[in-house]
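The numbering used here puts the sequence shown at residues 1 to 414.
Backbone N, C-alpha and C define an ideal beta-carbon position, used for all residues, glycine too.
The block underneath contains the structure these notes are about, expressed in structure tokens.
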Amino acid sequence: MASTNNTSENEIRSWLEVALKDENFKDISVKIQGNSEKGDGYMGDIIFVSVEGTTDNQSSKKYDLVLKCSKKSKALRETSPVKEAFLNEILMYKEVLPYFIQYQKEKGVAAPFNSVPKCYGSFTGKNMEIIVLENLKSNGYELWPRKEPLSRRHIDLIVTEYGKYHATSLALQHQRPTDFQKFLDTVIDIIEIFTKTNDQQILFGTPIDQSCELLKGDLDDSILLRWKGLKNQIESIFGDMIKTSTGLKVILHGDCWNNNFMFLHKTGEEKIPLKVAFLDWQVSRFASPIVDLSYFLFACLSKEDLEELDVILVLYHTTFVNHLVQLGIEKPDTLYPFDQFLGEWNHLCKYGIMMASLLMKVVSTEKDEVLDMAEVAESGKDFTETFINEIRDKENYKRRIRPIVEYAAKHNLI
């Protein structure tokens, strides 16, 4: 199987001639600037390219682009929903998100949700899906160190953006139900496919066992026993609990850990975020906004900010309601009263706790420890093998998982 490292500039040019057809762009020349590091993508790889060409009026154009390329491994594509995940993300970038942004513009929203990279187009071929995005690094955006929790300023910025994004989804359901239903008819529930094809008990049960071993002697045995008992709820958390929820539902972002956000910071030593861009829309689906919110907060909060979680939840709900007002929703409080929001949080936030049990291990993994999903699939092993290996930086794993276990126990969430 050819890796992206062996992809030729001629091959990339053939993709871009299709993907950039709406950009009035021809005589394309391509220069590969680099590739993603190992571990940056599980079902895909990233190629950074600079592209030059001309328009019909012979003016020159130049782009710095990111090509998100699906893995070509036949074994991986037969055992994991690689194609479906990329098609879902293409749908989000080309149809759903542009519609959401245009809708807010038509409503005259002063501060809309538009925190996504520009998508120039896509290319699909045999065992291949490509998404062409602007290179945010060229515009000064950067990732947060993956081992570290986000700062409070970053948390508040993202929570505010989630409030606006989810509110836009809800407003569309009420004001343009026919258009919204078209999106629901085409969005693919990748998580549902994953849960049917992979052993969730191993995927999430293993890190729960491993974290229990790490925390022995640090936390009371009664707390660890309750944490270990979370294993008995894995099936219900990823199955019936989310599916049968009768509460409010929106089209989610879906994959909410800190590697899927890039930030533009104010110039200076202190990292003060001015803007954020939400990346990776592959597992977007229709479900409770608590799925996004709990995943993000438990995966990204520090120990100190976990203690302020109630305040952060108020910020989210206030932003959500205020955005509904700007979108012309009358009596927005009746659509999602704060009491209902808190009730759904208390019922469904176990989803985020469960995701964090795995993610705290993932963020503590060194680059050279990350297994390549294609290599795992081609060796005949299960997808779960990618995540259950032992890691070296157990201290960081312990530092990140302990506050979550303590919080969950204190608030009777386990």
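In whole angstroms, what separates the C-alpha of Asn5 from that of Tyr397? Only weak support is given to the placement of Asn5: the predicted model assigns it a pLDDT of 47, under 50, and the question is left unresolved by the model.
Where does Ala2 land, buried or exposed, given buried means 16+ other C-beta within 10 angstroms? The pLDDT assigned to Ala2 is 37, lower than 50, so where the model puts this residue is not dependable, and the model offers no usable value.
Taking only the alpha-carbon atoms, compute the straight-line gap between Gly239 and Phe298 and give it to the nearest angstrom. Across the structure, Gly239 and Phe298 are spaced so that their CA atoms are roughly 20 Å apart.
Less than 7 Å between the beta carbons of Trp227 and Leu359, yes or no? Going by C-beta atoms, Trp227 is not nearer than 7 Å to Leu359.
Look up Met43 in the DSSP assignment and say whether it is helix, strand or coil. coil
Cutting at 7 Å between CB atoms, please list the residues of its own chain near Lys26, excluding the five before and the five after it. Gly53, Thr54
Per DSSP, the bridge partner or partners of Tyr141: Looking at the DSSP output, Tyr141 sits in a beta bridge with Leu264.
Between the Cα of Ile391 and the Cα atoms of Met43, Ile234, Glu369, which residue gives the shortest distance? Selected option, being the one with the closest Cα: Glu369.
Is the beta carbon of Leu157 less than 7 Å from the beta carbon of Pro273? yes
Measuring alpha carbon to alpha carbon, tell me which of Gly229, Leu348, Gln210, Leu230 ends up nearest Lys243. For the set Gly229, Leu348, Gln210, Leu230, the Cα lying nearest the Cα of Lys243 is the one of Leu348.
Report the three-state DSSP secondary structure of Gln326 (helix, strand or coil). Helix at Gln326.
Which residues in the same chain as Ile237 place their Cβ atom closer than 7 Å to its Cβ, once the five residues preceding and following it in sequence are excluded? Lys350, Tyr351, Met354
Taking the continuous beta strand (DSSP E) assigned at Thr124, which residues delimit it? Thr124 -> beta strand (DSSP E) spans 119-125.
With a threshold of 8 Å, are at least 3 pairs of Cβ atoms found where one atom belongs to the region 259-268 and the other to the region 84-100? no
Cα-Cα separation between Leu301 and Ile401, rounded to whole angstroms: 11 Å
DSSP has Gly34 in a bridge; who is on the other side? Phe48
In terms of alpha-carbon separation, which member of Ile388, Glu270, Arg153, Trp15 lies closest to Ile130? Trp15
Limits of the unbroken alpha helix (DSSP H) element including Tyr165: For Tyr165, the enclosing alpha helix (DSSP H) has its first and last residue at 152-175.
Bridge-paired residues (DSSP) for Tyr63: Note: Tyr63 sits in a beta bridge opposite Val51.
On the premise that Leu335 lies in contact with Leu170, defined as a C-beta separation below 8 Å, what is that separation, rounded to the nearest angstrom? 7 Å
Residue range of the alpha helix (DSSP H) that includes Glu395: 394-410
Got a sec, what are the start and stop residues for the alpha helix (DSSP H) Met360 sits in? 350-363
Could you tell me whether the region 141-157 touches the region 16-36, where touching means 3 or more Cβ pairs closer than 8 Å? no
Same chain, Cβ closer than 6 Å to Met92, neighbours up to 5 away in sequence not counted: Trp281, Ser284
Could you please give the first and the last residue of the uninterrupted alpha helix (DSSP H) stretch that includes Glu84? 82-91
For Pro273, which residues does DSSP report across the bridge? His265
What would DSSP say about Glu129, mapped onto helix, strand or coil? strand
In whole angstroms, give me the CA-to-CA distance for Val18 and His253. 27 Å
Other residues of its chain near Ala75: CB distance less than 7 Å, five sequence neighbours each side excluded: Counting only Cβ-Cβ distances below 7 Å, and skipping sequence neighbours, we find Ala377, Glu378.
To the nearest angstrom, how far is the alpha carbon of Glu11 from that of Cys119? 20 Å
Output needed for Glu235: all residues of its chain with C-beta closer than 8 Å, excluding positions within five of it in sequence on either side, in chain order. Gln200, Gln201
What's the gap between the Cα of Glu406 and the Cα of Val291? 21 Å
On the DSSP bridge assignment, give the partners of Ala287 in chain order. Val250
If you draw a straight line from the C-alpha of Gly163 to the C-alpha of Gly328, how long is it? Approximately 16 Å, taken between the alpha carbons.
Taking the alpha helix (DSSP H) that Pro98 falls in, what are its first and last residues? 97-106
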